[in-house]
Amino acid sequence: MHRQFRASVVEAVKLTEEICSVGLKADDIGASAVPGQFLHIRCGDANLLRRPISISDIRDGMMTIVFQVRGEGTKWLADRRAGDVLDVLGPLGNGFDLGGKNIILVGGGIGVPPMLFSARAAAGRATALLGFRDKSCVILNDAFKSFCQNVIIATDDGSCGVQGPVTLPLKKLLETGEYDAVLACGPRSMLRAVTELCIQATVPCQVSMEERMGCGIGACLVCACRTIKDGREEMRHVCKDGPVFPASEVVW
Ligand SMILES: Cc1cc2nc3c(=O)[nH]c(=O)nc-3n(C[C@H](O)[C@H](O)[C@H](O)COP(=O)(O)OP(=O)(O)OC[C@H]3O[C@@H](n4cnc5c(N)ncnc54)[C@H](O)[C@@H]3O)c2cc1C
Ligand code: FES
Numbered sequence: 005m006h007r008q009f010r011a012s013v014v015e016a017v018k019l020t021e022e023i024c025s026v027g028l029k030a031d032d033i034g035a036s037a038v039p040g041q042f043l044h045i046r047c048g049d050a051n052l053l054r055r056p057i058s059i060s061d062i063r064d065g066m067m068t069i070v071f072q073v074r075g076e077g078t079k080w081l082a083d084r085r086a087g088d089v090l091d092v093l094g095p096l097g098n099g100f101d102l103g104g105k106n107i108i109l110v111g112g113g114i115g116v117p118p119m120l121f122s123a124r125a126a127a128g129r130a131t132a133l134l135g136f137r138d139k140s141c142v143i144l145n146d147a148f149k150s151f152c153q154n155v156i157i158a159t160d161d162g163s164c165g166v167q168g169p170v171t172l173p174l175k176k177l178l179e180t181g182e183y184d185a186v187l188a189c190g191p192r193s194m195l196r197a198v199t200e201l202c203i204q205a206t207v208p209c210q211v212s213m214e215e216r217m218g219c220g221i222g223a224c225l226v227c228a229c230r231t232i233k234d235g236r237e238e239m240r241h242v243c244k245d246g247p248v249f250p251a252s253e254v255v256w
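Sequential numbering from 5 applies to the sequence shown in the numbering used here.
Structure representation (structure tokens):
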């Protein structure tokens, strides 16, 4: 169950030129949050609408969000410092089903941080495939290594790890027949390609979808996502019915 609360900033760290990590005091909210859920954060008086940011991790009473500065809201968030207090709604959304003996976590770009919480929850059962533009964009590699049996980095230019999209190593892993679930977060084009590979390999796949948001609680219809279930098309809310959907139900 979500609620509105005030969260103290415990730490604020710059991970790259554009990406920041902010740790919030988790309190009891941290105990109820599950991997894949997000927080809807008020970003200053000038921004009427809250901004949705996924929970990247929870540990030692601290809930971490990792975000890329895109516009006014995330710029305001990036300027927060330890001791500041945020107005937060959450935890929101449904989260990933982490069942399975051997699972693959796929993250692309700013879709990497939300998979860390899943890696922690599925420690010892997960392989992580993390895709970035180039070496300078690689984040959280060591954190994933502490939970995953194997962490494979892919970069567009080959400056770190495998050269090319994460779908290259994903295809190889799926061909081994050793995996029974794939969980993914990242750009829509990546999620679509991951979905196609999983359908071919008959491995169930869940994807975390992104849409612009208003209320964050299913009341305004801003975040509609086209899905298909039992042969019938249906518009569903990313904020309430998602953000995680079975990949086979998303109309790409
Ligand atoms: C469920 C969910 C979880 C998210 N988790 C994260 C996260 O963990 N880390 C992170 O960096 N970002 C995350 N995002 C995206 C983040 O919410 C947007 O980048 C942010 O709201 C932009 O706000 P802004 O005021 O800085 O930029 P704005 O001025 O509002 O927009 C700047 C640019 O970003 C684009 N944009 C804005 N909102 C979205 C959106 N929801 N999806 C795609 N593009 C958008 C705009 O079209 C525009 O081009 C998430 C989005 C959703 C829906
Ligand atoms: S953001 Fe309002 S219904 Fe999803």
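Every residue, glycine too, gets a C-beta built ideally from N, C-alpha and C.
| Item | Value |
| --- | --- |
| At a cut-off of 6 Å, would you count P39 as near ligand 1, judging by its Cβ distance to the nearest heavy atom? | no |
| Helix, strand or coil for R192 per DSSP? | helix |
| Which one of P95, R54, M5, V14 has the shortest CA to CA distance from R85? | V14 |
| By the three-class DSSP mapping on this structure, what secondary structure does T20 have? | coil |
| Drop a sphere of 10 angstroms on the beta-carbon of L52, count the other beta-carbons inside from all chains shown, and report buried for 16 or more, exposed for fewer. | exposed |
| Does the Cβ of Q72 lie closer than 6 Å to at least one heavy atom of ligand 1? | yes |
| Would the C-beta of M217 count as close to ligand 2, meaning under 6 Å from any of its heavy atoms? | yes |
| Under a Cβ-count criterion, where at least 16 other Cβ atoms within 10 Å of its own Cβ denotes burial, should S12 be classed as buried or exposed? | exposed |
| Answer with buried or exposed for M239, where buried requires no fewer than 16 other C-beta atoms within 10 angstroms of its C-beta. | exposed |
| Would you kindly report the start and end of the unbroken beta strand (DSSP E) that includes P56? | 55-58 |
| Report buried or exposed for M213, applying the criterion of at least 16 other Cβ atoms within 10 angstroms of its Cβ. | buried |
| Taking all protein chains shown into account, do 16 or more other C-beta atoms lie within 10 angstroms of the C-beta of S40, making it buried, or fewer, making it exposed? | Before going further, note that residue 40 is Gly rather than Ser in the sequence given. G40 is buried by the Cβ-count criterion. |
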